[in-house]
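J.: If you're matching them up, the sequences are chains A and B in order. First residue of the first sequence: 1, per our numbering; consecutive thereafter. First residue of the second sequence: 171, per our numbering; consecutive thereafter. In this text, a Cβ means the ideal position worked out from N, Cα and C, and glycines have one as well. Let me give you the structure first, and then I'll get to my questions.
Protein chains: 2
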Amino acid sequence: MSTARERIVDALERVLIEEGPAAATLEHVAEGAGVSKGGLLYHFGSKEALFEGLLGRLTDSSQDPAPATDARGAITEYLRLSMVADDAFSTTLLAALRLVGAPGVDVPAALSAASEQWFEQVRPHIADPVTARLIQLVGDGLYLNALISAPASPHDDAVIARLLGEVEPH
Amino acid sequence: MSTARERIVDALERVLIEEGPAAATLEHVAEGAGVSKGGLLYHFGSKEALFEGLLGRLTDSSQDPAPATDARGAITEYLRLSMVADDAFSTTLLAALRLVGAPGVDVPAALSAASEQWFEQVRPHIADPVTARLIQLVGDGLYLNALISAPASPHDDAVIARLLGEVEPH
DNA sequence: GTCTATAATCGGATAGAC
DNA sequence: GTCTATCCGATTATAGAC
């Protein structure tokens, strides 16, 4: 059974992604979590603290250990998660992206650190640093597309295949 | 001399990028443009209309004709603008990115359309559609990095150089 | 730990003078 | 075209009961 704190952050993510930052009021988030505004404020003493709760989750889940496989597996998983963006980490990340510019919390710093941490799970598998950066940027590009709900391109799979070819030439 | 409407949208962009969406109140934007709240509301009848003013500018500037050069030149310019993000189009685009999720305006649709329009200036120079999509995704990745104020990687130049090599092999 | 008031502030929008 | 004054709803946060 999940704690009230977790349910509240879950609700915050949902509201941010589905209804936007303006809808992320204390009352509305509380309602989504099945508690009252007062109940929410017991767990998070202010709106700022609530947002920091989300950033804390972002930091935590970016440190989740990778299923540690071979290079192809790691890279495929990295890019495919950026593409479909339906796992826990992607959800938290996309929610945090909608918080960029919120007052009192340093969202960019948390996002930079988290995405860097997350990419550290693939980097060891790639010898060439330029190839590594290329793959990271493509992952970031896929997240930007998810942020603006852009449809996937029919060539995305081929792009991933080509990148895989670059780590295991010929 | 710029019109009042233009100065107001200029101020909106500045506030969105430097202080975030929450600071983009009618009064604060009006102050940045050197007019009163009432003055702003004469030009844009509501906050929604103000935001649509920004999206309109995004649509317009994404149709600016490219300086039409060769493939290398077009692609270099495309990626370098995404990287430094200090031109008019990038400023408008980064401001609009902070508006994602705002009520009453379809920011994702405007952003998708604009970024697609913008990329149309390079696509004709690239024969292979997979390479084209790869370059587009890298450009998007660079914009995401600009959105979260992430420092440029020392390998970004090499990434661009490699992509240029893919359109003119050997 | 969770709830129901209530206080205090802020933001969007209207009306009307100039 | 631009301003000031004002209204009204929404939102954050506090106080205190249960």
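Can you tell me the Cα-Cα spacing of A/F257 and A/G38, whole angstroms?
T.: The structure shown does not extend to residue 257 of chain A, since chain A is modelled only from 1 to 170, so the question has no answer here.
J.: Nearest-angstrom Cα distance between B/V199 and A/D106?
T.: Taking the second sequence and counting its residues from 1, the one referred to as residue 199 of chain B is at position 29. Taking the first sequence and counting its residues from 1, the one referred to as residue 106 of chain A is at position 106. So the alpha carbons of these two residues sit roughly 22 Å apart.
J.: Could you tell me the distance, in whole angstroms, from the CA atom of A/A85 to the CA atom of B/E201?
T.: Position 85 of the first sequence, counting from 1, holds the residue named residue 85 of chain A. Position 31 of the second sequence, counting from 1, holds the residue named residue 201 of chain B. So the two alpha carbons sit approximately 40 Å from each other.
J.: Spatial neighbours of B/L249 within its chain, please: C-beta separation below 8 Å, excluding the five flanking residues on both sides.
T.: Here residue 249 of chain B refers to the residue found at position 79 of the second sequence. For B/L249, where only same-chain residues beyond five positions count, the Cβ hits under 8 Å are I305, V308, G309, L312, I330 and L333.
J.: Are the beta-carbon atoms belonging to B/G274 and B/E338 less than 7 Å from one another?
T.: The sequence position of residue 274 of chain B within the second sequence is 104, counting from 1. The sequence position of residue 338 of chain B within the second sequence is 168, counting from 1. For B/G274 and B/E338, no; Cβs fall outside 7 Å.
J.: In chain B, what lies closer than 7 Å to A/S174 by C-beta?
T.: The question about residue 174 of chain A has no answer here: the residues shown for chain A are numbered 1 through 170.
J.: With a floor of 4 residues, list each alpha helix (DSSP H) that falls wholly inside the stretch 264 to 294 of chain B, ordered by position along the chain.
T.: For the stretch 264 to 294 of chain B, whole alpha helix (DSSP H) runs of length 4 or above, ordered along the chain, are 277 to 289.
J.: Determine whether the beta carbon atoms of A/S153 and B/R303 lie at a separation below 7 Å.
T.: To locate residue 153 of chain A, count along the first sequence from 1; it is residue 153. To locate residue 303 of chain B, count along the second sequence from 1; it is residue 133. In contact: A/S153 and B/R303 (Cβ atoms closer than 7 Å).
J.: Output needed for B/A280: all residues of its chain with C-beta closer than 7 Å, excluding positions within five of it in sequence on either side, in chain order.
T.: As a working mapping, residue 280 of chain B is identified with position 110 in the second sequence. Counting only Cβ-Cβ distances below 7 Å, and skipping sequence neighbours, we find L225, L228, T229 and A266.
J.: Step through the CB atoms of chain B and report whether any lies within less than 7 Å of the CB of A/I148.
T.: Numbered from 1 along the first sequence, position 148 holds the residue referred to as residue 148 of chain A. It does; some Cβ of chain B falls within 7 Å.
J.: Against chain A, does B/V308 count as a neighbour if the rule is that its beta carbon must be under 7 Å from one of theirs?
T.: As a working note, residue 308 of chain B is residue 138 in the second sequence. B/V308 counts as touching chain A.
J.: Does any CB atom of chain B fall closer than 7 Å to the CB of A/P124?
T.: Position 124 of the first sequence holds residue 124 of chain A. Chain B contact via Cβ: absent.
J.: How should A/D156 be labelled, buried or exposed, when 16 other C-beta atoms within 10 angstroms of its C-beta is the threshold for buried?
T.: Mapped onto the first sequence, residue 156 of chain A falls at position 156. With 16 or more Cβ atoms within 10 Å of its Cβ, A/D156 is classed as buried.
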